[in-house]
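Before any comments, here is the structure.
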Amino acid sequence: MCEANAYLVNNGKEELLLERVDKVIPKDGEIYLENIFGQRKIIAARIKELQLVDHKIIMEKIDRSPDKP
Numbered sequence: 865m866c867e868a869n870a871y872l873v874n875n876g877k878e879e880l881l882l883e884r885v886d887k888v889i890p891k892d893g894e895i896y897l898e899n900i901f902g903q904r905k906i907i908a909a910r911i912k913e914l915q916l917v918d919h920k921i922i923m924e925k926i927d928r929s930p931d932k933p
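Quick note, the sequence shown lines up with residues 865 to 933 if you use this note's numbering.
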């Protein structure tokens, strides 16, 4: 299998966001994820790390508040 699990770092801990992800599309400060079951998520985040041998996509949230430059 070539899929990876997507995790979001929250308070220093990796929290599982979506399992068996096979499509990752970064666009305009968001990341579109889709897994082999057709489940989709769009999150305001950036990719922090890819652990390909461990099949992990690790992301961090982006603050999208209007006060930020």
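Each residue gets a CB set at the ideal place from its N, CA and C atoms; glycine is no exception.
Can you look up I922 in the DSSP assignment and give me helix, strand or coil?
Position 58 of the sequence shown holds residue 922. DSSP places I922 in strand when its eight states are reduced to three.
To the nearest angstrom, how far is the alpha carbon of M923 from that of K877?
Position 59 of the sequence shown, counted from the first residue, corresponds to residue 923. Position 13 of the sequence shown, counted from the first residue, corresponds to residue 877. Cα-Cα distance, rounded: 11 Å.
To which residues of the same chain is A908 closer than 7 Å at the C-beta, ignoring the five residues directly before and after it?
Walking along the sequence shown from the start, residue 908 turns up at place 44. Excluding residues within five positions, the ones whose Cβ falls inside 7 Å are G893, E894, K925, I926 and R928.
Please work out which residues of its chain come closer than 6 Å, Cβ to Cβ, to E898, disregarding the five sequence neighbours upstream and downstream, and give them in chain order.
On the sequence shown, residue 898 is found 34 positions in, with the first residue counted as 1. Cβ within range, chain order: K887 and R904.
State the Cα-Cα distance for the pair G902 and Y871, rounded to the nearest angstrom.
The residue you call residue 902 lines up with position 38 of the sequence shown. The residue you call residue 871 lines up with position 7 of the sequence shown. Taking the CA atoms as reference points, G902 sits about 18 Å from Y871.
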